[in-house]
Structures are given as C-alpha cells and as structure tokens.
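Protein chains: 2
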Amino acid sequence: MRILLADDHDMVRDTISAYLTSEGGAEITATTDLHRAMQELEDQGPFDLVLLDYNMPGMNGLDGLQRALKANGGRGVAILSGSAPTRTAQDALDAGAIGFIPKTMGAQSLLNAVRFMSAGEIYVPVELMREEASAPAHPLLAQLSPREIEVLSGLCQGQSNKEIARDLNLQEVTIKLHVRTLCRKLDAKNRTQAAMTAKEAGLF
Amino acid sequence: MRILLADDHDMVRDTISAYLTSEGGAEITATTDLHRAMQELEDQGPFDLVLLDYNMPGMNGLDGLQRALKANGGRGVAILSGSAPTRTAQDALDAGAIGFIPKTMGAQSLLNAVRFMSAGEIYVPVELMREEASAPAHPLLAQLSPREIEVLSGLCQGQSNKEIARDLNLQEVTIKLHVRTLCRKLDAKNRTQAAMTAKEAGLF
DNA sequence: ACCGATCTTATACGAAAGTCTAGCAGACTA
DNA sequence: TAGTCTGCTAGACTTTCGTATAAGATCGGT
Numbered sequence: 365m366r367i368l369l370a371d372d373h374d375m376v377r378d379t380i381s382a383y384l385t386s387e388g389g390a391e392i393t394a395t396t397d398l399h400r401a402m403q404e405l406e407d408q409g410p411f412d413l414v415l416l417d418y419n420m421p422g423m424n425g426l427d428g429l430q431r432a433l434k435a436n437g438g439r440g441v442a443i444l445s446g447s448a449p450t451r452t453a454q455d456a457l458d459a460g461a462i463g464f465i466p467k468t469m470g471a472q473s474l475l476n477a478v479r480f481m482s483a484g485e486i487y488v489p490v491e492l493m494r495e496e497a498s499a500p501a502h503p504l505l506a507q508l509s510p511r512e513i514e515v516l517s518g519l520c521q522g523q524s525n526k527e528i529a530r531d532l533n534l535q536e537v538t539i540k541l542h543v544r545t546l547c548r549k550l551d552a553k554n555r556t557q558a559a560m561t562a563k564e565a566g567l568f
Numbered sequence: 365m366r367i368l369l370a371d372d373h374d375m376v377r378d379t380i381s382a383y384l385t386s387e388g389g390a391e392i393t394a395t396t397d398l399h400r401a402m403q404e405l406e407d408q409g410p411f412d413l414v415l416l417d418y419n420m421p422g423m424n425g426l427d428g429l430q431r432a433l434k435a436n437g438g439r440g441v442a443i444l445s446g447s448a449p450t451r452t453a454q455d456a457l458d459a460g461a462i463g464f465i466p467k468t469m470g471a472q473s474l475l476n477a478v479r480f481m482s483a484g485e486i487y488v489p490v491e492l493m494r495e496e497a498s499a500p501a502h503p504l505l506a507q508l509s510p511r512e513i514e515v516l517s518g519l520c521q522g523q524s525n526k527e528i529a530r531d532l533n534l535q536e537v538t539i540k541l542h543v544r545t546l547c548r549k550l551d552a553k554n555r556t557q558a559a560m561t562a563k564e565a566g567l568f
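Line order of the protein sequences matches chains A and B.
Just so you know, this note's numbering puts 454 at position 90 of the first sequence, and the rest follows in order with no gaps.
Just so you know, this note's numbering puts 378 at position 14 of the second sequence, and the rest follows in order with no gaps.
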C-alpha cells in the first residue's frame, strides 16, 4: 500500500506516517507542500492513495486537488482538513476526491479509511453525512436564521451589501438589517468584526 | 513521564499519543477539550507536563492556560498550536506557559521538547526566537510597511478608521490612505476582505 | 544635494454602511 | 378569531468609508 502524504505540519505528518507505517504496514512518502507532492507524483509514478492537507502552501482551495488528480493517473486523491466545514467536503467530492478526512477523526478510523480508499472505494465519515442533514455543525450557527447565515457567508467573502442583495434576490436595505442583527448576535461592532468572528469560529 | 494531552483533533491526539508512548516511553492521558482536561487534572493529580491545543473548545485564548496552570500544582503547562503567530507564543510564555510547540515542528523534536519540559525546563523552538528578530514571519508582511501592519492589525480587530487613528495618534484621513494601499497590496476590494485575507494568512 | 520611498495632512465628493421607524406574513397560543 | 411573537421587508436619514488630488516632512542611499 503506497501512500503519498502532504501536510505542512511536520508533527502531524511525522506521527501519521509513523502510525500508518507501524500499524497499517503502509509505505509512506511524506512531503510538506503541494509543489513537492507534485514532484513526487512525477518521479514515483502513481500512488495507491494521495492524502492532501486542505490548508497547505500551494493548495489554493480545491485547485491543488484537481492537479493531483490529473497527476496520479486515475488513482484516488483524498483531502485532509483540520477545520471541517461540511460544504468543503461536498465540494471536494464533487471535484473528484476519493474521500474527505477531518482531523477530528481517530487514528484507527483513519487507517480503515485509508485501506478503503487505497482499494478504490469512496470514503466519507458518517458524522459528516449526518451533520449535513441534522446537526447544527457549530453552536454559533444554531442561533442564526438561514437568511442570516447566507448573509454572513457574503460578509466573509468581503461582499458589499449590494452584491449580497443581488446574489440573494433581495433589496439592499434588507441586507443591512440582517447585518445589524448579525452584529448583535455575534457581539460585533460592524461587519468586519462579525466576519472575523465567524472566521475564527471556523465557519466558511 | 506522565503527560496530559488535550486536542480536539482525534487524529492528531491519537497519533501523537502513540508516538510519545512507543518512542518516548511516556504515559499519556488524552482528552478532547479543556473541560475534560481540567477534570483529569483534578482526578489524576498533577502531571509532569500538560499539553494544550490553542484552538480547542473551552480554551478562550490563553484563559484556559491560566486555569490549567493553577490546577497542575506548579508543574509545567505548554501550548500546542497549528498556526503559530510569534505574538501568541510570547503571550503564552508571559502568561506562565513552560513552552510553546508549533505543529510545524517534527515528531522527534517534539519528543525532545516534551522531555525538556517534563524536567521543568522552558522550551521554545529556535525558529520562533529567530523569527522574532529577523525573518518576516510571513511573505505577506514583507511587502507591507510598519505603519501598514499596525493599521492592518486594527482592521482585523474590526476597528473603525477613527479608532485606529486615535490609537496611533494620527488623523483619520491618514488611516484611510493606509487602508487603501493595504487593499491594493492584499488584492482586496474593501477593509473586510483585507482583514479576511490577513486572517487566512495566519497573521494576527 | 538630489532622488525616491514612506509617512503625513488637507479638502472634497460619491458610495456604502449603519440606524430608525414601520408594515407585512407565517406560526403558535389562547 | 384575535393576539402575539418572530422573521423578513421597506423607505428615509446620518455616519462612515473609499477615492481623488495636492502637498509638506522625513529618511536613506546613488
């Protein structure tokens, strides 16, 4: 089982490598960023599985995933992520990833997932699927209305009220109200502070 | 060597535990958040070393550090962090932490550091100390003037131009200018987007 | 001494953000 | 059926932000 692992956190990379090697008998090649991962893909041919950290130099969101997929000759590429917004997981799968692994998953589960994906099976943790349907993902989101969450998403992209209004088919004034209530609920003085709070909480 | 490890990423926690146990002969107690860590501190008495993830339910910045320090009866408490702003490291040490461990550090180095800190020595990775003095910490900061960095800091706290001006003893118009150049350099359309970019890059 | 870069202040104007008041629809209760 | 609560929408108004243009001050370096 030949696996390529790319993560810029040495500690995470080292310990995961050690674990998969000793407990799973895997043969790991580890790199620190997408650039070097691409080089390994060229030099060492296709791997049974490629694991890419979502937040890593060179990734540019799911851009790196696309490139790795092309370079791995049809074999699977999966995304590792520390903060795991359900949305990103869905996007990754849509983009062709063979799996999405949140770091909140246990080491033994990781090993099982890696074996699955190496065999060509698509793997997504059950919690994420459930979360999609039921759970509020984050305590902060629970106290926000659906509209407010949509508006907050716009805020975090640095959109103006007018842009948000256009995207949601609403009037600009309406957005202003939502922004105000968002600021109240998030204990922020203005849109920027609200966006920062949401970002820190790991939403979006 | 009895160690309490608290990190909400199961994967990270499991693999680090396994590594420190097998390679370092440590006896690890692992928990998922600060609340449970405090319980373990009460139940299992003082540990030789407590490792706390900086981004973890219940931490509230360095608030959790203070509480853990009190509960561990004089023995050391260190901070683990994924994104490692030098500023936070300094603050942690000032608050009484016995060490600061970025996850970009290798597993073997971690083991050494843990042995050091268990023996009561303060540990900070050399790169952080150097960074403080020389390196630009982040490529993005390199192209910003000192003033611009100060203003950007204000932006990331959601301050208004007027507030920033007061804090820096400048006129509001001056801040506007800096905000404009910041938006140019960070490729942002407005202050909110600039703040988000800075946040994503791990600054502040 | 000159040049260029950075930082500073000023005036002014259009655009966007933020505040206030108020009306309307659906849901739940009595 | 009326009452009430919550979420969504709207118009008018004030404040803040963003931009343009101009110009003085300081500092380091060819």
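Think of the CB as a built atom: it goes at the ideal place given N, C-alpha and C, for glycine as much as any other residue.
Applying the 10 Å Cβ sphere with the 16-neighbour rule, what's the burial state of residue i?
| i | result |
| --- | --- |
| E377/A | At residue 377/A the sequence reads Arg, which differs from the Glu that was named. Buried: at least 16 other Cβ atoms inside 10 Å. |
| A497/A | Residue confidence is low: A497/A scores 41 on pLDDT, short of 50, so the model does not pin down where it sits. No coordinate-derived value is stated. |
| I486/B | exposed |
| A483/B | exposed |
| L541/A | exposed |
| G409/B | exposed |
| A499/B | With a pLDDT of only 38 at A499/B, under 50, the local geometry of the prediction cannot be trusted, and the value read off the model is given with reservation. The residue is exposed, with fewer than 16 neighbouring Cβ atoms inside 10 Å. |
| D407/B | exposed |
| R451/B | exposed |
| R544/A | exposed |
| R555/A | buried |
| S381/A | buried |
| P466/B | buried |
Against chain A, does residue i count as a neighbour if the rule is that its beta carbon must be under 8 Å from one of theirs?
| i | result |
| --- | --- |
| G522/B | yes |
| D374/B | yes |
| G446/B | yes |
| M560/B | yes |
| A401/B | no |
| L474/B | yes |
| A552/B | yes |
| Y383/B | yes |
| L415/B | no |
Since residue i sits in a beta bridge, which residues does DSSP pair it with?
| i | result |
| --- | --- |
| P466/A | S445/A |
| I392/B | I367/B |
| V414/A | L368/A, V441/A |
| Y487/A | G463/A |
Is there a Cβ of chain B sitting closer than 8 Å to that of residue i, yes or no?
| i | result |
| --- | --- |
| R555/A | yes |
| D378/A | yes |
| T468/A | yes |
| I528/A | no |
| L567/A | no |
| L519/A | yes |
| K563/A | yes |
| A471/A | yes |
Just to confirm before moving on: does the CB-CB distance between residue i and residue j stay below 8 Å?
| i | j | result |
| --- | --- | --- |
| L405/B | I392/B | no |
| L546/B | A565/B | no |
| T379/A | A477/B | no |
| A442/B | G463/B | yes |
| V488/B | L457/B | yes |
| L534/B | A562/B | no |
| E387/A | L444/A | no |
| G522/B | K434/A | no |
| I539/B | N525/B | yes |
| G446/B | N419/B | yes |
| D551/A | T468/B | no |
| M375/B | G440/B | no |
| M402/B | C520/A | no |
Give every residue of the same chain whose Cβ lies closer than 8 Å to the Cβ of residue i, excluding the five residues on either side of it in the sequence, and list them in chain order.
| i | result |
| --- | --- |
| R548/B | none |
| E527/B | G518 |
| I367/A | L384, A390, E391, I392, T393, F411, D412, L413, V414, L415, V478, S482 |
| D455/A | L426 |
Residues in its own chain within less than 7 Å of residue i by CB, not counting five upstream and five downstream?
| i | result |
| --- | --- |
| G428/A | L398, L416, G422 |
| A461/B | L429, V441, A442, I443 |
Among residues of its own chain, excluding the 5 on either side of residue i, which ones have a beta-carbon nearer than 6 Å to its beta-carbon?
| i | result |
| --- | --- |
| A459/A | L426, L429 |
| T396/B | D372 |
| E536/B | N525, K526, A529 |
| M365/B | A390, D412, S482 |
For residue i, verify whether its CB is less than 7 Å away from any heavy atom of the ligand COA.
| i | result |
| --- | --- |
| I462/A | Here there are no bound small molecules, and the ligand COA is not part of this structure. |
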